[in-house]
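Novice:
In my numbering, the protein residues as written are 1 to 258.
1) Does the distance from the C-beta atom of residue 137 to that of residue 180 stay below 7 Å?
2) Can you tell me which of the three DSSP states residue 37 falls into?
3) Could you give the distance in angstroms between the alpha-carbon of residue 256 and the alpha-carbon of residue 47?
4) With distance defined between alpha-carbon atoms, name the residue in 14, 78 and 128 nearest to residue 86.
5) Apart from the five residues just before and just after residue 195, which ones in its own chain have a Cβ nearer than 7 Å to its Cβ?
6) Between the alpha carbons of residue 193 and residue 134, how many angstroms are there, rounded?
7) Are the CB atoms of residue 131 and residue 184 nearer to each other than 7 Å?
8) Going by other Cβ atoms of all chains shown within 10 Å of its Cβ, with 16 needed for buried, is residue 258 buried or exposed?
9) Return no unless some Cβ of chain B is closer than 7 Å to the Cβ of residue 149.
10) Tell me the start and end of each unbroken alpha helix (DSSP H) in the segment 134-176 that is at least 4 residues and wholly inside, in chain order.
11) Comparing C-alpha positions only, which one of 234, 157 and 186 sits nearest to residue 260?
12) Between the segment 137-156 and the segment 206-216, do at least 3 Cβ pairs fall closer than 8 Å?
13) In this structure, what does DSSP give as the bridge partners for residue 207?
14) Name the two residues that bound the continuous alpha helix (DSSP H) containing residue 121.
15) On a CA-only basis, which of 178, 214, 186 and 68 is nearest residue 205? Give me that one, please.
16) To the nearest angstrom, how far is it from the Cα of residue 28 to the Cα of residue 187?
17) Count the C-beta pairs between the segment 145-163 and the segment 105-114 that are closer than 8 Å, then say yes if the count reaches three, no if not.
18) How should residue 21 be labelled, buried or exposed, when 16 other C-beta atoms within 10 angstroms of its C-beta is the threshold for buried?
19) Check residue 80 in the structure and name its three-state DSSP category.
20) Start and end of the beta strand (DSSP E) containing residue 50?
21) Would you grab the beta carbon distance between residue 68 and residue 97 for me? Rounded to a whole angstrom, and I think it's under 8 Å.
22) To the nearest angstrom, report how far apart residue 37 and residue 248 are at their CA atoms.
23) Rounded to whole angstroms, what is the Cα-Cα separation between residue 128 and residue 71?
24) Taking only three categories from DSSP, how would you classify residue 10?
25) Taking the straight line between their C-alpha atoms, what separation do you get for residue 23 and residue 191?
26) Output the distance between the C-alpha atoms of residue 94 and residue 238, rounded to the nearest integer angstrom.
27) Per DSSP, which residues does residue 85 bridge with? Please list them.
Now the structure itself:
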């Protein structure tokens, strides 16, 4: 049986890790400074994280250059796989991040705007390098729509339809983030995670809402996710990656123990 992965997520703004609630944004003062991304990555690497995800939330060329430097520094001292997303709009952007030391690139709004980017990336680098991140929100009973531009703009796609289309175009992994649950620590959205997991034939990473260890166990079992992504509970010292894995192992969830 494949082991389930535990993945800390770092939102990077101007070279620093930040954290918001329900997509709080820098311009509105909705972000809290957490620390240096490389130092945090080293901490999680030592705790046995299976992967690390960096999201560049700085919408500027300078921010992207800073992100390349962050990836280079992290890759030089950490030995877990690195995924980076944010501001990746063309294949050359993917290439820059992969050359810097990332193992995967994550695309979100750019994939919706230009679905051919998924295929182009998969053909050049392989599907294993292409992650499509989906921000979804419940808009009616039983309906989850995909949102872009930091959760500000609704698209015509449902979460399941877009995940299926992204995989058809070459995505090797889906990160499914619940806007409703993001940063609330009230638990993952189990229903939409399960629906997407059952609809696609690639790994699904659950994101948004982790507040305690039971939430992670639930989304890996009831939600049928292949991995859990979390930020706040790690950054502020509530739990370590090792705590999560020990908890999951005691509940017969297969994980890689250090």
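Even for Gly, the Cβ is constructed at its ideal location relative to N, Cα and C.
The structure displayed is predicted, hence computed values, not measured ones.
Specialist: The answer reads as follows:
1) Counting from one through the chain shown, the residue named residue 137 turns up at place 137. Counting from one through the chain shown, the residue named residue 180 turns up at place 180. Cβ distance < 7 Å, so residue 137 and residue 180 count as in contact.
2) On the chain shown, residue 37 is found 37 positions in, with the first residue counted as 1. Correct three-state label for residue 37: helix.
3) Reading the chain shown from its first residue, position 256 is the one you call residue 256. Reading the chain shown from its first residue, position 47 is the one you call residue 47. Cα to Cα, residue 256 sits roughly 12 Å from residue 47.
4) Taking the first residue of the chain shown as 1, we reach residue 86 at position 86. The option with the nearest alpha carbon to residue 86 is 14.
5) The count along the chain shown starts at 1 and reaches residue 195 at position 195. Same-chain partners within the cutoff: 160.
6) As a first step, residue 193 must be located in the chain shown, where it is residue number 193. As a first step, residue 134 must be located in the chain shown, where it is residue number 134. If I take the Cα positions, the gap works out to 11 Å.
7) Taking the chain shown and counting its residues from 1, the one referred to as residue 131 is at position 131. Taking the chain shown and counting its residues from 1, the one referred to as residue 184 is at position 184. No, they are not a contact pair.
8) Walking along the chain shown from the start, residue 258 turns up at place 258. Per the 10 Å Cβ criterion, exposed.
9) Of the protein chains in the structure, only one exists, and it is not chain B.
10) 159-168
11) Summary: the structure shown does not reach residue 260, with the chain confined to residues 1 through 258, and so no result is reported for it.
12) no
13) Here residue 207 corresponds to residue number 207 of the chain shown, with the count starting at 1. Residue 207 pairs with 177 and 229.
14) As a working note, residue 121 is residue 121 in the chain shown. It spans 116-125 - the alpha helix (DSSP H) in which residue 121 sits, taken as one unbroken run.
15) If you number the chain shown from 1, residue 205 lands on position 205. Nearest of 178, 214, 186 and 68 to residue 205, Cα basis: 178.
16) Here residue 28 corresponds to residue number 28 of the chain shown, with the count starting at 1. Here residue 187 corresponds to residue number 187 of the chain shown, with the count starting at 1. In this predicted model, residue 28 has a pLDDT of only 39, less than 50, meaning its place in the structure is not dependable; the value taken from the coordinates is given anyway. Straight-line Cα distance between these residues: approximately 25 Å.
17) yes
18) Along the chain shown, one-based indexing puts residue 21 at 21. Low local confidence applies: a pLDDT of 47 at residue 21 is under 50, so the model's placement there is unreliable, and no value is given.
19) Within the chain shown, numbered from 1, the residue matching residue 80 stands at position 80. Correct three-state label for residue 80: coil.
20) In the chain shown, residue 50 corresponds to position 50, counting from 1. Unbroken run through residue 50: none, as it is neither H nor E.
21) If you number the chain shown from 1, residue 68 lands on position 68. If you number the chain shown from 1, residue 97 lands on position 97. Confirmed, Cβ separation roughly 7 Å.
22) Residue 37 sits at position 37 when you count from the first residue of the chain shown. Residue 248 sits at position 248 when you count from the first residue of the chain shown. The alpha-carbon atoms of residue 37 and residue 248 are separated by roughly 26 Å.
23) Numbered from its first residue, the chain shown carries residue 128 at position 128. Numbered from its first residue, the chain shown carries residue 71 at position 71. Answer to the nearest angstrom: the Cα atoms are 18 Å apart.
24) Walking along the chain shown from the start, residue 10 turns up at place 10. Three-state DSSP puts residue 10 in a strand.
25) As a first step, residue 23 is located in the chain shown; it is residue number 23 there, counting from the start. As a first step, residue 191 is located in the chain shown; it is residue number 191 there, counting from the start. Note that residue 23 scores a pLDDT of 46, beneath 50, so its modelled location is shaky and nothing firm can be said.
26) By 1-based counting over the chain shown, the position of residue 94 is 94. By 1-based counting over the chain shown, the position of residue 238 is 238. Distance between the alpha carbons of residue 94 and residue 238 is about 34 Å.
27) Here residue 85 refers to the residue found at position 85 of the chain shown. Per DSSP, 55 and 106.
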